[in-house]
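The numbers in the working numbering rise by one with no breaks, and the one at position 348 of the sequence shown is 493. For every residue, glycine included, the Cβ atom is placed at its ideal position computed from N, Cα and C. Everything below concerns the one structure shown next.
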Amino acid sequence: MKKFLKNFSVVGFLMLILCVVLGVGDMSGAVMSADGAPAAVEKPGAGDTRETVTTIPHGDGGGLETLDIRALRADMIDDPIDQNLVKIRPGLNRMDTILRYFKPVPTNNFEFDFYGIATRELSNNLSAAATIHSDGDVHEVYGTAPLAGGISDIGDGDCFYVPSVAGGGKDTSPLMLYVYEKDLDNKIIKFTIAEDQMAETTSGGVTTYSIPAIAKDTVVYQLSRAVDELAVKTDAASVLPKPTHGYCQFHMAQIAQSTFEKMMDKKFKWDFSEVEEQVLYEYRRKLEGAILFNKGAKIWNRKLNKYVYTMGGITRQISKSYELDLSDMTKGNEALVSLEKYVFTGNSGSETRILLGGSEFVEAISKIKAVQKQQEAGNTEVVFGMTWNKIISNFGTLLLAHAEIFDEYGWSDKGLVLDPIFLRKWQLQSFKAQPYDGEKLMIMKGEMKVFSEVFGVAVYNPDVHCKVTLKLT
């Protein structure tokens with residue numbers, strides 16, 4: 146009996162293989178019909194649900210072609226270059242790579258408006274010397290002062306710190322002004338000070354009080370507001386962000402290959418995919434330049450008799466600049482600290498920002514002893530799929546990287562500090578690779594592919610970004 150079962154299992158296995166080879170059995174999985182009509186495939190356990198699939202009729206000797214799939218089921222083909230654009234030499238196109246990591250702001254127009262809020266300055270200065278009114282009684286002493294920086298954001302009860310002027314009475318520490326009223330039309334504040342900082346003068350048994358002189362251009366710093374205990378409201382603070390107009394640019398590149406060129410024997414592999422990668426590389430190089438240096442505008446095309454939009458580059462939207470003096474490398478550490486102080490203070494940016502530089506800039510900054518020590522310690526971090534050298538200070542952390550594209554645009558000796566959180570990509574159309582059959586379109590005998598995207602770049606909170614120029618002599 147055991148011998149029979151053993152022989153049966155072997156025979157059964159051989160019969161199963163024969164059935165598979167000859168196509169005997171359940172053919173419900175077949176999708177092609179003889180007449181080329183769509184064939185139905187039944188989903189097991191799905192009741193009467195039917196899923197139709199497209200069948201493609203061919204004559205004798207015909208076969209399924211790539212262009213057929215692209216035309217009818219383009220989603221079946223996974224184009225690694227299209228799907229992973231950021232993987233094409235990301236270090237050479239750093240800004241384009243960074244912008245592709247963030248979720249873009251969708252827009253349905255080539256033009257867009259965005260509003261950036263910069264950190265409001267706490268300092269102000271007198272456009273003229275303060276006028277001091279002293280009428281004897283301590284309660285009648287006050288001063289008026291015009292402020293050059295404006296008073297629209299100043300309210301009754303605001304206090305000001307005046308470090309350059311000492312109190313005139315028992316308390317000779319830096320003066321503090323208390324604003325009790327303002328004249329908005331003339332940009333004048335009316336203030337008084339604490340009694341123990343008033344100067345006292347006694348003559349003929351009469352004591353008078355006065356406020357110390359405050360000269361023109363004296364810098365004052367705004368403090369918090371002090372109101373009386375019965376107050377239920379105060380001057381409303383209003384912040385109006387600066388509106389900025391931006392443009393989306395229609396970026397495009399194209400490749401094409403003739404049918405016969407594709408058939409030719411070649412000494413080395415150079416097919417559509419190699420051409421595609423190289424074209425995309427060149428496309429991204431020029432796109433990187435546009436992201437950095439383009440002028441945002443609506444320009445009249447005389448040939449087409451219509452307007453064409455160009456997006457605004459990042460460097461054109463940043464006005465803050467700094468000169469890094471490395472003419473004396475023995476003071477390189479001090480110069481770097483001064484740069485970091487300037488970049489990280491006085492704004493509401495991130496504690497970690499990126500620093501891109503041309504070859505001459507990176508060479509110079511890499512010779513600073515503090516930077517060399519951190520590099521020798523392997524102080525690196527991978528962000529946005531790229532490796533950056535970390536420069537850590539008490540003010541913040543800079544992620545340094547060489548931007549080769551800077552050299553090609555005359556920025557070899559310049560750097561750019563950016564806070565990526567305050568950059569936005571306004572997108573009208575995401576990156577798309579559209580294949581075309583040139584012969585069907587009566588254009589050419591071959592295949593084509595057009596790459597396109599429509600977007601613009603917006604710089605928010607300009608104070609957190611900075612252009613840096615290198616000084617070596």
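Mind checking whether residue i and residue j have CB atoms under 9 Å apart?
| i | j | result |
| --- | --- | --- |
| I128 | Q517 | Residue 128 lies beyond the residue range present for the chain, which begins at 146 and ends at 618; the question has no answer from this structure. |
| H390 | V599 | no |
| L471 | L615 | yes |
| G523 | K559 | no |
| V365 | Y306 | yes |
| T337 | G288 | yes |
| I277 | S348 | no |
| T252 | C393 | yes |
| C611 | V488 | yes |
| F255 | Y454 | yes |
| G434 | G457 | no |
| K332 | S272 | yes |
| L368 | Y554 | no |
| E485 | L545 | no |
Note down the Cα distance separating residue i from residue j, rounded to an integer number of angstroms.
| i | j | result |
| --- | --- | --- |
| P291 | K535 | 46 Å |
| G491 | N539 | 15 Å |
| A360 | T525 | 50 Å |
| V609 | R498 | 9 Å |
| Q342 | G295 | 26 Å |
| N238 | I550 | 7 Å |
| W445 | I566 | 34 Å |
| K327 | K335 | 6 Å |
| D205 | K585 | For D205, the predicted model reports a pLDDT of 46, less than 50, meaning its position is unreliable; a value from the coordinates is still stated below. If you take the alpha carbons of D205 and K585, they lie about 21 Å apart. |
| A578 | R245 | 16 Å |
| F506 | G541 | 20 Å |
| D301 | T317 | 25 Å |
| R370 | G530 | 46 Å |
| Y452 | K443 | 6 Å |
| D552 | L329 | 50 Å |
| K431 | T475 | 38 Å |
| E340 | E496 | 42 Å |
| R447 | E521 | 57 Å |
| G350 | V283 | 15 Å |
Since residue i is in the beta strand (DSSP E), which residue starts that stretch and which ends it?
| i | result |
| --- | --- |
| G502 | 497-502 |
| F336 | 333-337 |
| I536 | 531-537 |
| S268 | 268-270 |
| E345 | 344-348 |
| Q462 | Note, Q462: premise wrong, no beta strand (DSSP E); not H, not E. |
| M321 | 319-328 |
| Y287 | 287-291 |
| G560 | 559-563 |
| P357 | Run containing P357: none; DSSP gives neither H nor E here. |
| V609 | First-last for V609: undefined, no H or E at that position. |
Residues in the same chain with beta-carbon distance under 6 Å from residue i, minus the five sequence neighbours each way, listed in chain order, please.
| i | result |
| --- | --- |
| A274 | A360, K361 |
| A548 | R239, L501 |
| V613 | Y467, L469, G560 |
| L563 | I499, H610 |
| Y581 | M593 |
| G207 | In this prediction, G207 scores a pLDDT of 45, lower than 50, which makes its location untrustworthy; no coordinate-derived value is stated. |
| A293 | N270, S272 |
| F257 | G391, W571 |
| F494 | The question names Phe, yet the displayed sequence has Gly at residue 494. Taken in chain order, the residues that qualify are D564, V609. |
Start and end of the alpha helix (DSSP H) containing residue i?
| i | result |
| --- | --- |
| N478 | 477-489 |
| D552 | 549-553 |
| E521 | 514-521 |
Which same chain residues, not among the five before or five after residue i, have their C-beta less than 8 Å away from its C-beta?
| i | result |
| --- | --- |
| P319 | Y306, V307, P308, S309, V310, A311, G312 |
| V324 | I299, G300, D301, G302, D303, C304, F305, I334, K335, F336 |
| Y428 | H396, A398, F596 |
| L568 | I243, L244, F247, I459, V602, A603, V604, Y605 |
| N439 | Q394, T455, M456, G457, G458, R461 |
By Cβ distance below 7 Å, which residues in the same chain neighbour residue i in space, the five residues on each side in sequence not counted?
| i | result |
| --- | --- |
| A515 | N478, L481 |
| W556 | G503 |
| E345 | G314, T352, Y354 |
| S279 | V286, T353, Y354, S355 |
| K363 | One detail in the question is off: residue 363 reads as Thr in this sequence, not Lys. Cβ neighbours of T363 beyond the five flanking positions: N270, L271, V307, S309, V310. |
| L617 | L471, S472, A509 |
Taking contact to mean 3 or more Cβ pairs, one atom from each stretch, closer than 8 Å, check whether the segment 453-465 and the segment 593-607 are in contact. yes
Are the segment 481-490 and the segment 504-518 touching by the rule of at least three beta carbon pairs closer than 8 Å? yes
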